[in-house]
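Order-wise, the sequence lines are chains G and L. Count along the first sequence from 1, add 9, and you get the number used in this note's numbering. Count along the second sequence from 1, add 1, and you get the number used in this note's numbering. Beta carbons are placed, not taken as given, at the ideal position from N, Cα and C, and that holds for glycine.
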Amino acid sequence: MIPMVKLSHEDVLKLARLARLQLTDSEVTQFSGEISAILGYVEQLKSVDVDSLMPTSQVTGLTNVMRKDDMQNYGPTPADLLKNAPATKDGHIKVNRMLA
Amino acid sequence: MISAEIRKKYTVTIGIECHVQLKTKTKLFSAAGNDSREAAPNTHISHIDLGMPGALPVLNEAAVELGMKAAFALGTTPQKFSEFDRKHYFYPDLPTGYQITQFYHPIIIGGEVRIEVDGQEKIVKIHEAHLEADAGKSIHPPGKDYSLVDLNRAGTPLLEIVSEPDMHSAEEAKVYAKELYLRMRYAGVSEANMYYGNMRFDVNLSVSTNDVLGTRSETKNLNSFRSIERAIEFETERQIELFEKGEKVVQETRGWDDAKQRTFTQRSKEEAHDYRYMPDPDIPPLVLSDEMIEKVRSTMPALPGEVREKFMGLQLDSSSVDTLVEEMPAGRFVLTLLDSGCKTADVKRVANWLTSEVQALVANDKISWETAKLDVANFKQLAEMTSSNKVSSTGAKAILIDMVQIGGSPAEIAEAKNLLQVSDEDEINDIVKQVLAENPKAAEDVRNGEAKAIGFLVGQIMKASKGQANPSVAQDLIKKQLN
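The following block contains the structure:
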């Protein structure tokens, strides 16, 4: 039996704000259902006892992967990289006005 | 303004978070250049700093070494295990969408900094310190509907040092911040150039009338010792005023307006971010072996506390000690003289020259400490010439000023400037005879026990000898001739 978690419209709007997404009213309704179902699944997973286990964030077993403190030419020039910016001005990346 | 009486009822509690820019050639996770002080915007960037799909960040070993040095500088040992996490938030100067930091397992846990305030020693404990990547810089041209982003600073390695809330006044906080600044410079962790924003401070402050901590505000991005002091004074007043009016302090992030000398609301707790921290799967953990840790420990230079004690041993006044500790080239020079077996009295004399005459030249932009000609042999010679009366103390200062600006041996400068002092009694005796003959009235006054007259006669002898007679020898000879 999956315990029911119901996400409110406000919860969905907050998530959307954090993810910088604009949702229509029908999308809010749609995601409130879909995300609630995902959370329900997570609730189900939570019933497994993992107290004695460490969370996994690395699977390679590597440690201390480091490089020397020397400059390196990766290939793409700053100009190449700036081509990916939505807009530029005088070498700066131009974005929608932020609150100063 | 809050009266002193009301103020006394309140305890102020302060904790400080300090961001230190590490002295590396490249960024924390990319091999793009790290020194963008005078660089054009977006010229020190790579696909890694811009968070391009598939970019793989690789940790800079120099930043790790500086983090280890910082641990020793903060009176502790680096953690054997540390790890990097992603701190998520959206802002145009953070192209990856997350900052890489050490949230769960920082490289430094604990430590302490000793400070002295009003002659009282005090310990400020360190909670933790972690490595993290800086964000870019945004500018907001006035009157425009856009902002501009420069990512040169994105990815610059920082060490964030978080203190325990162990400070209780603006003065304590300022002294602590200054001590961190000195330690980071002495340990070679950072250039610690305040002008370029190499150190930035966030101040957490609350007031309370009992043992329970009050609600705190956090004033962010203070970049001078003075602004730390002023922001704390302002916040203390503001919070006490709220209490006195029966209102509540709101937990919030505040900024500092340097022009208006006041803090202002930036973000309240309700708007606080949910950072969704998670270990960064791109960056394998850092596991420091005993060998790596000992290697760094063995290269640690002397820290400000140790150096300060050596200067105190010279019986200098406290402001001279402060100058020598703060002006590292001057301090290093004094230590070199000490190590070279120079007599303590001579070292003390040199230390006083450096902290007064030479410091004045630096303050007036005549020279900088980096360009001043500080030569051990020359300074030793000048100190010896002064203590053996070959030059007067005034003459020595004139020689000193040439010596540090142009260089050259003090004996040659003294000769060229005619500053060698005559201490030879026969030579001075002739002048004394002449001056006494020319000033019979003053001579008579001296015979009658008038002390003032002897000063006048010494002055005449100095004039007649063009400043080269040793005044104390002259004085002795006047007395001898008149008795």
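Neighbouring residues, chain G, relative to residue i (Cβ below 8 Å)
i	result
L:E62	M75, R76, K77, D78
L:A32	R76, D79, M80, Q81, Y83
L:K26	D78, D79, M80
L:L149	K98, D99, H101, I102, K103, V104
L:L287	T72, N73
L:D1	Because residue 1 of chain L is not part of the residues shown, which for chain L are 2 to 484, the question remains open.
L:V163	Going along chain G, no residue has its Cβ under 8 Å from L:V163, so there is no contact; the nearest lies around 23 Å.
L:V423	Those do not exist, as L:V423 stays about 60 Å from chain G at its closest Cβ, beyond 8 Å.
DSSP state of residue i mapped onto helix, strand, coil
i	result
L:I116	strand
L:M463	helix
G:N105	strand
L:P143	coil
L:H128	strand
L:F91	coil
L:K10	coil
L:F492	Nothing can be reported for residue 492 of chain L: it is not among the residues displayed for chain L, which extend from 2 to 484.
G:T38	helix
L:L75	coil
L:G16	strand
L:I407	coil
L:Q435	helix
L:V297	helix
L:I368	coil
L:V21	strand
L:S228	helix
L:V423	strand
L:Q267	strand
L:M279	strand
L:L223	strand
L:I110	strand
G:M10	Here the model assigns G:M10 a pLDDT of 48, short of 50, so the residue's position is not dependable, and the following value carries that caveat. It is coil, neither helix nor strand.
L:E234	helix
L:L243	helix
L:K453	helix
L:M69	helix
L:S393	coil
L:A40	coil
L:S4	coil
L:A412	helix
L:K374	coil
L:E1	There is simply no residue 1 of chain L to check, as chain L begins at 2 and stops at 484 in what is shown.
G:L32	coil
L:L51	coil
Span of the beta strand (DSSP E) around residue i
i	result
L:H169	Unbroken run through L:H169: none, as it is neither H nor E.
L:I101	99-102
Counterpart residues of residue i in DSSP-defined beta bridges
i	result
L:K138	L:D151
L:S83	L:L287
L:N61	G:R76
L:E122	L:E117
L:E161	L:H20, L:H131
Partners in chain G for residue i, counting only beta-carbon separations shorter than 7 Å
i	result
L:P93	V104, M107
L:S191	Under the 7 Å cutoff, chain G gives no residues; its nearest Cβ is about 14 Å from L:S191.
L:S139	M107
L:P280	S66
Where the alpha helix (DSSP H) through residue i begins and ends
i	result
L:T387	377-388
L:D258	First-last for L:D258: 253-258, but that is the beta strand (DSSP E), not the alpha helix (DSSP H).
L:V474	472-483
G:H18	18-27
L:A443	441-448
Cross-chain neighbours of residue i in chain L, by beta carbon under 7 Å
i	result
G:S100	The sequence shown places Gly at residue 100 of chain G, rather than the Ser named in the question. Those are A41, P42, N43, listed as they occur along chain L.
G:L90	I46, H48, L51
G:L30	The premise fails here: G:L30 is roughly 10 Å from chain L at the closest Cβ pair, so nothing lies under 7 Å.
Contacts that residue i makes with chain L (C-beta to C-beta distance below 8 Å)
i	result
G:T38	Per Cβ cutoff of 8 Å: no residues; G:T38 is ~23 Å from chain L at best.
Chain-ordered chain L contacts of residue i [CB-CB under 9 Å]
i	result
G:P95	Ordered by position in chain L, no residue passes the 9 Å Cβ test against G:P95, which lies about 10 Å from the chain.
G:S17	Within chain L, no residue comes near G:S17; the closest Cβ sits about 16 Å away, beyond 9 Å.
Chain G residues whose Cβ lies nearer than 9 Å to that of residue i
i	result
L:V59	V74, M75, R76
Which runs of the alpha helix (DSSP H) at least 4 residues long sit entirely within the stretch 305-362 of chain L? Give them in chain order. 305-313, 319-327, 329-340, 345-354
Would you mind listing the alpha helix (DSSP H) stretches within the stretch 169-220 of chain L that are 4+ residues and don't spill past its ends, in chain order? 171-187
Restricting to runs no shorter than 3 residues, where is the beta strand (DSSP E) found entirely within the stretch 50-106 of chain G? 101-105
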